[in-house]
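Each remark here refers to the structure printed beneath this line.
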Amino acid sequence: ALPDRIRPVDRKQRIDLTDVPLVTIDGEDARDFDDAVYCEPARVGRAKGWRLIVAIADVSHYVKPGEPLDEDAYERATSVYFPRRVIPMLPEKLSNGLCSLNPNEERLAMVCDMLVTATGVIHAYQFYPAVICSHARFTYTEVAAILGNTRGPEAARRKDLVPDLLNLNEVYRALLKERGKRGAVDFETTETQIVCDENGRIEKIIPRTRTEAHKLIEESMLAANVCSADFISLHKHPALYRVHEGPTPEKKNLLQNYLKGLGLGLTIGDDPAPGEYQAIADATKDRPDAMQIHTMLLRSMQQAIYTGTNVGHFGLAYEAYTHFTSPIRRYPDLLVHRVIKALLHGKRYHLGSGTIEDAPRSRKNGAKTTPSSEGELWEVAGAHCSTNERRADEASRDVEAWLKCRYMREHLGEEFGGTVTAVTSFGLFVTLDGLYVEGLVHITELGGEYYRFDEVKQELRGERTGVRYTVGARVRVQVSRVDLDGRKIDFRMVRDGEEDAALIRARRDRLIGKASGAVAELAAIKEADRVVKAAAKGKSNNGTGKSAHPVRAAKASARKASVKTARRR
Numbered sequence: 001a002l003p004d005r006i007r008p009v010d011r012k013q014r015i016d017l018t019d020v021p022l023v024t025i026d027g028e029d030a031r032d033f034d035d036a037v038y039c040e041p042a043r044v045g046r047a048k049g050w051r052l053i054v055a056i057a058d059v060s061h062y063v064k065p066g067e068p069l070d071e072d073a074y075e076r077a078t079s080v081y082f083p084r085r086v087i088p089m090l091p092e093k094l095s096n097g098l099c100s101l102n103p104n105e106e107r108l109a110m111v112c113d114m115l116v117t118a119t120g121v122i123h124a125y126q127f128y129p130a131v132i133c134s135h136a137r138f139t140y141t142e143v144a145a146i147l148g149n150t151r152g153p154e155a156a157r158r159k160d161l162v163p164d165l166l167n168l169n170e171v172y173r174a175l176l177k178e179r180g181k182r183g184a185v186d187f188e189t190t191e192t193q194i195v196c197d198e199n200g201r202i203e204k205i206i207p208r209t210r211t212e213a214h215k216l217i218e219e220s221m222l223a224a225n226v227c228s229a230d231f232i233s234l235h236k237h238p239a240l241y242r243v244h245e246g247p248t249p250e251k252k253n254l255l256q257n258y259l260k261g262l263g264l265g266l267t268i269g270d271d272p273a274p275g276e277y278q279a280i281a282d283a284t285k286d287r288p289d290a291m292q293i294h295t296m297l298l299r300s301m302q303q304a305i306y307t308g309t310n311v312g313h314f315g316l317a318y319e320a321y322t323h324f325t326s327p328i329r330r331y332p333d334l335l336v337h338r339v340i341k342a343l344l345h346g347k348r349y350h351l352g353s354g355t356i357e358d359a360p361r362s363r364k365n366g367a368k369t370t371p372s373s374e375g376e377l378w379e380v381a382g383a384h385c386s387t388n389e390r391r392a393d394e395a396s397r398d399v400e401a402w403l404k405c406r407y408m409r410e411h412l413g414e415e416f417g418g419t420v421t422a423v424t425s426f427g428l429f430v431t432l433d434g435l436y437v438e439g440l441v442h443i444t445e446l447g448g449e450y451y452r453f454d455e456v457k458q459e460l461r462g463e464r465t466g467v468r469y470t471v472g473a474r475v476r477v478q479v480s481r482v483d484l485d486g487r488k489i490d491f492r493m494v495r496d497g498e499e500d501a502a503l504i505r506a507r508r509d510r511l512i513g514k515a516s517g518a519v520a521e522l523a524a525i526k527e528a529d530r531v532v533k534a535a536a537k538g539k540s541n542n543g544t545g546k547s548a549h550p551v552r553a554a555k556a557s558a559r560k561a562s563v564k565t566a567r568r569r
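Using the numbering used here, the first residue of the sequence shown is number 1, and each one after it goes up by one.
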């Protein structure tokens, strides 16, 4: 049975850090706190630097290999997050209780204690088990406010801890600068948060804003994760690495063609480095279509996975990377903790049996004996955790899509402005302004003509009118259909008078271009002008109270013009 609190036996062989003012920084609605941080100035050799402490809940102390609790955690492999509910990987007694670093409560932790230089290089690190006590629970919003105004009301309420937050901000700035030198990729994409009322209905959909507080914690966790990977690699111990490979040849070629089609003069090489991606992201960040370009860059890369074979992390530009910082909600992190603990005691962790044994002595050639089957077990575990991670993400997206569909059923027939976020051979995907809801404008809703899909330029082009729809284009749409079961929202394109006139002018120009001879050209001009006037009159009052469809009107006028011209000939 799990204890209710830390026992004297749990404190053995642990460093007491309860007097260190570690704090947690999480979202407003967070309930499980698995990481705490602290930073202070320190000497690194003769230069200035920082001591950065990242303390992570010691889940492995309570979840033992082979026990029912462990088997259940492995089957889940991850917590699943929904707008109003979380399905935890571990029982709530652990995730929200014993292992949650709640303020003013002593907790067991695994600590990554680092020395960081003024240039953001991790000079040294050590891992050790500890007893900690979180001195405060901060929210991202609160920390962002304090960093933005150290004399504001938020800072006044936390004045004893403000210097520590400023130290954290300084080490974050240094780590961020080193990240840039490394060439790591950092895209600005918009994630949304669904806010529901008491009845589970969507109240509003808001963007998740990444503040300096978010990035501060992110860089601290990255530092601890890369140290754990380095520690395991140095000991040549098998483990689960977080691997992110570069783009496949197919995706690389598609991205090269897309960038070429934009005419930016920017592209990636045949063997692209992460820095090339970041250079494009930096060069386009102020463009109106920056979000779409960054999305295309992101889509061109492969998905990160867990595996026992380390091939580095492309996006973060790390030679080795693991997940160490979230064992409450990710099983790979729990395995990494077990490996590090075994290594700290000079032993090795065997995944198959869940046992910890003395490290084998080196052979004469320096190689260590590791059963080949052990590596296979790590690969199986990595594949299982990767699959469950994708399944959890899909479940979260599915629930979010269902909620958005239910929300948009209340807006059937309403018109919204939006941005084209993707172009396909069968239509346009449009994201609505302010609502962050995406739907499809099927190609049949674009007008009665043939549209050709240009994969390189990512655009649909009307063959008769020459009208183009590209990623980033601004449009106005009407919500025409919502399929709750299929999780699909359909839009219908809405055009104002100027757009109607533009379509007709484009058709007129085509008619003129195709006419041959002075008489035929004059006839075509007169006929096209008549179409424009008739359309304008029909727009105001065509007898039915509805405006004539611009494409159908253009087609009809084209047929009449061709007949009259033929007769004159």
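Here a beta-carbon is modelled for each residue, glycine too, at the ideal position from N, C-alpha and C.
- Straight-line spacing of the CA atoms in Gly49 and Gly261 works out to 46 angstroms.
- Exposed is the label assigned to Tyr450, since fewer than 16 other Cβ atoms lie within 10 Å of its Cβ.
- Three or more beta-carbon pairs separated by less than 8 angstroms are not found between the region 482-494 and the region 380-395, which leaves the two stretches without contact.
- When DSSP states are grouped into helix, strand and coil, Cys227 belongs to the helix group.
- Of the candidates Gly269, Pro65, Val336, Leu52, the residue whose Cα lies closest to the Cα of Asn169 is Leu52.
- Cα atoms of Leu161 and Pro21: separation of roughly 8 angstroms, rounded to the nearest angstrom.
- Residues Glu106, Val131, Ile132, Cys133 of the same chain have their beta carbon placed closer than 8 angstroms to that of Thr18, with the five preceding and five following residues left out of the count.
- Leu440 carries a strand assignment under DSSP once its states are collapsed to helix, strand and coil.
- In this chain, Arg157 is not harboured by any beta strand (DSSP E); it is covered by the alpha helix (DSSP H) spanning 153-157.
- Rounded to whole angstroms, the gap between the alpha carbons of Arg151 and Ala144 is 13 angstroms.
- With 16 or more neighbouring CB atoms inside 10 Å of its own CB, Asp333 falls in the buried class.
- Pairing Asp72 with Leu298, the inter-Cα distance amounts to about 33 angstroms.
- At the C-beta level, Val111 and Tyr128 come within 8 angstroms of one another.
- Assignment of Met408 by DSSP, reduced to helix, strand and coil, places it in the helix class.
- If you ignore the 5 residues before and after Ala290, its C-beta comes within less than 6 angstroms of the C-beta of Thr284, all in its own chain and listed in chain order.
- Non-local C-beta neighbours of Thr189 in its own chain, meaning closer than 8 angstroms and more than five positions away in sequence, comprise Met291, His294, Thr295, Leu298, ordered along the chain.
- Distance check between Asn199 and each of Tyr407, Val54, Gln193, Ile443 places Tyr407 closest, using alpha-carbon atoms only.
- In this structure, the CA atom of Leu428 is about 45 angstroms from the CA atom of Ile56.
- Distance from the CA of Val437 to the CA of Thr431, rounded to the nearest whole angstrom, comes to 5 angstroms.
- Look at the beta carbons and you see the region 200-208 not touching the region 334-347: under three pairs across the two are nearer than 8 angstroms.
- Taking His61 as the centre and dropping the five residues before and after it, the same chain places the C-beta of Leu108 closer than 6 angstroms to its C-beta, in chain order.
- Distance from Leu101 to Asp34 at the Cβ level is roughly 7 angstroms; contact confirmed, criterion being Cβ atoms closer than 8 angstroms.
- Between Ser233 and Asn310, the C-beta spacing is below 8 angstroms.
- By the neighbour-count criterion, in which 16 or more other beta carbons inside 10 Å mark a residue as buried, Phe426 falls on the exposed side.
- Contact check for Lys93 and Leu165: beta-carbon distance about 31 angstroms, past the 8 angstroms limit, so the pair fails to qualify.
- DSSP assignment within the region 96-147 yields the following whole beta strand (DSSP E) runs of 3 residues or more, N-terminal first: 106-117, 122-133, 136-139.
- Per DSSP, the unbroken beta strand (DSSP E) holding Gln193 starts and ends at 191-196.
- Closest by C-alpha distance to Met301, out of Gly308, Gly439, Leu316, is Leu316.
- Leu255 is the residue among Gln278, Leu255, His411 whose C-alpha sits nearest the C-alpha of Val456.
- One Cα belongs to Tyr321, the other to Cys385, and the distance between them is close to 16 angstroms.
- For Ile206, the enclosing beta strand (DSSP E) stretches over residues 202-208.
- Pairing Thr465 with Ile443, the inter-Cα distance amounts to about 15 angstroms.
- The beta carbon of Ala47 sits closer than 8 angstroms to those of Thr117, Ala118, all from its chain and outside the five residues before and after it, given in chain order.
- Excluding sequence positions up to five before and after Glu459, its CB lies within less than 7 angstroms of the CB of Val423, Arg468, Tyr469, Thr470, all in the same chain and listed in chain order.
- The beta carbons of Thr141 and Glu218 sit about 16 angstroms from each other, so the pair does not count as a contact at 8 angstroms.
- Contact between Arg338 and Thr78 does not hold, since the beta-carbon distance rounds to 17 angstroms and is not under 8 angstroms.
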